[in-house]
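Peer 1: Numbering (mature numbering (1 follows the signal peptide of the UniProt record, and there is no 0)), first residue to last: -21 to -1, 1 to 115.
1. Tell me whether residue -13 is buried or exposed, calling it buried when 16 or more other Cβ atoms sit within 10 Å of its Cβ.
2. Going straight from the alpha carbon of residue 71 to that of residue 24, what length do you get?
3. In angstroms with no decimal places, state the Cα-to-Cα distance between residue 79 and residue 58.
4. Put residue 84 into one of helix, strand or coil per three-state DSSP.
5. Applying the 10 Å Cβ sphere with the 16-neighbour rule, what's the burial state of residue 30?
6. How many Å lie between residue 67 and residue 49 at the Cα?
7. Which value, in whole angstroms, describes the spacing of the CA atoms of residue 9 and residue 83?
8. Would you report the Cα separation of residue 46 and residue 13, rounded to the nearest angstrom?
9. What three-state label does DSSP hand residue 26 in the structure shown?
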């Protein structure tokens, strides 16, 4: 009968953790549709990286695992296409109408405490907490 050593179990656990961490999207998905009312053909993006968006008649974003995404009006996830430039997705969202975004960066690197939508710098960080103001 074979004996399993604790070092072998540890190695297997580390490999499983690495495999789980490297899975693209970690659960978040962006599904785009080719017909109004979020119908017709669809395409779903879930792996990390920049993807050109195939359909622009509506979208649903399912937020999971803390993985955010950014929509851009350029085809290379750079913004600057002359429209709204960018939309940050960090919660479940559905938009069943046409949109101008042409690419999506799944697994964006924005800080999770940033609120709202619109253009942002990846280096923007929230303000440090301040000591309470004492009134006399």
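Heads up, the beta-carbon is just placed ideally off N, CA and C, and yes, glycines get one too.
Peer 2: According to the data block:
1. Start at 1 with the first residue of the chain shown, and residue -13 comes out as number 9. Legend: pLDDT at residue -13 = 47, less than 50; position of this residue unreliable, value from coordinates given subsequently. With a threshold of 16 other beta carbon atoms within 10 Å, residue -13 falls short and is exposed.
2. Working through the chain shown from its first residue, we reach residue 71 at position 92. Working through the chain shown from its first residue, we reach residue 24 at position 45. Straight-line Cα distance between these residues: approximately 15 Å.
3. Locating residue 79 in the chain shown gives position 100, counting from the first residue. Locating residue 58 in the chain shown gives position 79, counting from the first residue. Roughly 12 Å between the two C-alpha positions.
4. Numbered from 1 along the chain shown, position 105 holds the residue referred to as residue 84. Looking at residue 84 - three-state DSSP - the assignment turns out to be strand.
5. Stepping through the chain shown from its first residue, residue 30 is reached at position 51. When all chains shown are included, residue 30 counts as buried.
6. Locating residue 67 in the chain shown gives position 88, counting from the first residue. Locating residue 49 in the chain shown gives position 70, counting from the first residue. One C-alpha to the other measures close to 5 Å.
7. Your numbering for residue 9 matches position 30 in the chain shown. Your numbering for residue 83 matches position 104 in the chain shown. Going from the Cα of residue 9 to the Cα of residue 83 covers about 8 Å.
8. For this step, residue 46 is matched to residue 67 along the chain shown. For this step, residue 13 is matched to residue 34 along the chain shown. So the two alpha carbons sit approximately 25 Å from each other.
9. Translated into the one-based positions of the chain shown, residue 26 becomes position 47. Three-state result, residue 26: coil.
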